[in-house]
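Numbering (the numbering used here), first residue to last: 19 to 152.
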């Protein structure tokens, strides 16, 4: 069973990763280096998030062992409002991890700017409230 301290530690890792992702997405001068940096930071933020949710699931006596299962769990306890959006985030993460094409990279970057960052910031607030309540 996960302990509160483990959840807090993982939350801090997610928080740090999210700040780094936001930092690169706010840069105005788009170029390949900025885009690629944003994608790597997205991958890291994604990993920190789903591992945090996994720890929470264990704390709650549930056991999710994949990002998809963990996002479904997070939706079931109200941490995620739009399950489909997080499944879309998973699809974009899979694109970046398993293949690399210029077109995919551009699509991922645009998705992060338009929807991804907002989704991560939304779950960040819900996670913060959840941790404060346990």
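Beta carbons are placed, not taken as given, at the ideal position from N, Cα and C, and that holds for glycine.
Handout entry: Rounded C-alpha distance that separates residue 25 from residue 92
Key = By one-based count along the chain shown, residue 25 stands at place 7. By one-based count along the chain shown, residue 92 stands at place 74. Across the structure, residue 25 and residue 92 are spaced so that their CA atoms are roughly 14 Å apart.
Problem - residue 116, enclosing alpha helix (DSSP H) - first and last residue - result: Along the chain shown, read from residue 1 onward, the residue named residue 116 stands at position 98. Counting along the chain, the alpha helix (DSSP H) containing residue 116 begins and ends at 101 to 116.
Exercise for the section: Go to residue 66, then tell me how far its alpha helix (DSSP H) extends in each direction, as first and last residue. Expected result: Residue 66 sits at position 48 when you count from the first residue of the chain shown. 50 to 77 is the extent of the alpha helix (DSSP H) around residue 66.
Exercise for the section: Throw me the rounded Cβ distance for the residue 145 and residue 29 pair, which I believe falls under 8 Å. Expected result: Working through the chain shown from its first residue, we reach residue 145 at position 127. Working through the chain shown from its first residue, we reach residue 29 at position 11. Contact holds; Cβ gap of about 6 Å.
Exercise for the section: Go through its chain and collect everything with a Cβ distance to residue 67's Cβ below 6 Å, but skip five positions before and after it. Expected result: Looking up residue 67 in the chain shown gives position 49. Excluding positions up to five away in sequence, the list reads 32.
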